[in-house]
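Residue numbers (mature numbering (1 follows the signal peptide of the UniProt record, and there is no 0)): -19 to -1, 1 to 326.
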Amino acid sequence: MKRLSILLLISLLFLTACGKAGDKKETIHVYNWGDYVDMDTIRQFEKETGIKVIYDTFASNEDLYVKLKKSNDPYDVIVPSEYMIERMIREDMLLPLDYDQIPNMKKLDKRILNMDYDPGNKYSVPYFWGTLGIVVNTDYVKEPIDSWSALWDKNYKNEIIMYNSQRDSIAIALKYLGYSMNSRSMKELEEAKEALIAQKPLVYAYLADEGRDVMSQGDASLSVMYSGDAAMMRQENKSLEYIIPKEGTNIWYDSFAVPKQSKNPKGAMAFINFMSRPDIAAKNAEHNVGYATPIPEAIALLPEELREDPVAYPDLDSLPPLEVYRDLHDFVEVYDRIWTEVTAR
């Protein structure tokens, strides 16, 4: 009887353990930019699909890249920008997407598909897009601003915020000098470095997201800013304007992709498809005021003042020359060195 009782107890423990294992919820790990999604849409996805989302954030494409390269964290969905997507494709870091599982891909604006960084969108689905420009506080700046050269104007000493990003800051210096934002010329890059070093005494601070508060509170005159942030800030402070310099600027695309170490590619495809549904895309676009959704049906669902905001949804045909950032290949180290030398001064 004692032996029978022990066997019965072992059996019950085994069945309980099996039951718990069987009850384990399907999960996906999502790695996105900070404050870049309406968390209600995450909860809605979990409710509709039964898939639990483990959600983490990063601050830059470079942080995302290092994380994927140096850790074994099993991310299923990531949201890199175009040049990082190109690099990850080159380094065989992404899984091809299964569009049979992403039917909402058909909802996207064809004008932003099939870009050079991912021909045929084999590896990525655009999530948001926008431009890079200058936010101007018209309470302090009375003359019209139309050029990157304003960021080197000594009249605005200690009133200029540069974006704390090596790619953006070096690109701005290159464009200011008349060069491509994707330059791989050592001569041009050295000139850009010297321009940034010369500019540094004029700079109030090198900031990222926190620069929005500084400008909205009226504590600086000029700031490099993405169009999405600029649209948001203009709602908080009517004295702010957003301009795209006449020399041209960057047009960027942040897209969903699936890393090769994904443990749940099917769940990842379901997430991408869900986020590309017009009603969900509209919720995220309204949450991220000014960041442009690439889904026309979603734009139609937005409040009129947002969908007609020329900062968020500009007429692309009327803008100065636009460049998409490209993969720098072996020049990544050169850009790293230049930014280190600039920030060390």
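Glycine is no exception: its CB is placed at the ideal position from the N, C-alpha and C atoms.
query	result
Which class does residue 195 belong to by DSSP, given the choice of helix, strand or coil?	helix
Of all the CB atoms in chain C, is at least one closer than 8 Å to the CB of residue 29?	This model lacks chain C altogether, as it is built from one protein chain only.
Put residue 304 into one of helix, strand or coil per three-state DSSP.	strand
Taking just the CA atoms, how far does residue 219 sit from residue 67?	38 Å
For residue -1, which residues in the same chain have their Cβ closer than 6 Å to its Cβ, ignoring the five residues on either side in sequence?	In this prediction, residue -1 has a pLDDT of 44, which is less than 50 and means its spatial position is unreliable; what the coordinates show is noted afterwards. For residue -1, where only same-chain residues beyond five positions count, there are no Cβ hits under 6 Å.
Tell me, which residues are paired with residue 255 by DSSP?	Partner(s): none; residue 255 has no beta bridge.
Which of the three DSSP states is assigned to residue 33 in this structure?	strand
For a quick check, are the C-beta atoms of residue 152 and residue 176 less than 8 Å apart?	no
Thinking just about the alpha-carbon of each residue, which of 234, 315 and 181 is nearest to the one in residue 165?	315
Taking contact to mean at least 3 C-beta pairs separated by less than 8 Å, is the segment 240 to 258 in contact with the segment 292 to 300?	no
Would residue 149 and residue 205 qualify as a contact pair, given that the criterion is a beta-carbon distance under 8 Å?	yes
By the three-class DSSP mapping on this structure, what secondary structure does residue 121 have?	coil
Express the C-alpha separation of residue 111 and residue 393 in angstroms, rounding to a whole number.	What the structure shows of the chain is the stretch from -19 to 326, and residue 393 is not part of that stretch, so it cannot be assessed.
For residue 66, name the three-state secondary structure that DSSP assigns.	helix
Is it the case that the segment 218 to 233 contacts the segment 167 to 187, given that we only count it when at least three CB pairs across the two stretches are under 8 Å?	no
Could you tell me the distance, in whole angstroms, from the CA atom of residue 42 to the CA atom of residue 189?	13 Å
Helix, strand or coil for residue 230 per DSSP?	strand
Is it true that the CB of residue 94 sits closer than 8 Å to the CB of residue 102?	yes
Taking only the alpha-carbon atoms, compute the straight-line gap between residue 118 and residue 209 and give it to the nearest angstrom.	17 Å
From residue 250 to residue 307, what does the alpha carbon distance come to, in whole angstroms?	26 Å
Is it buried or exposed, residue 63, if we count other Cβ atoms within 10 angstroms and call 16 or more buried?	buried
How is the alpha helix (DSSP H) around residue 320 delimited, first residue to last?	313 to 325
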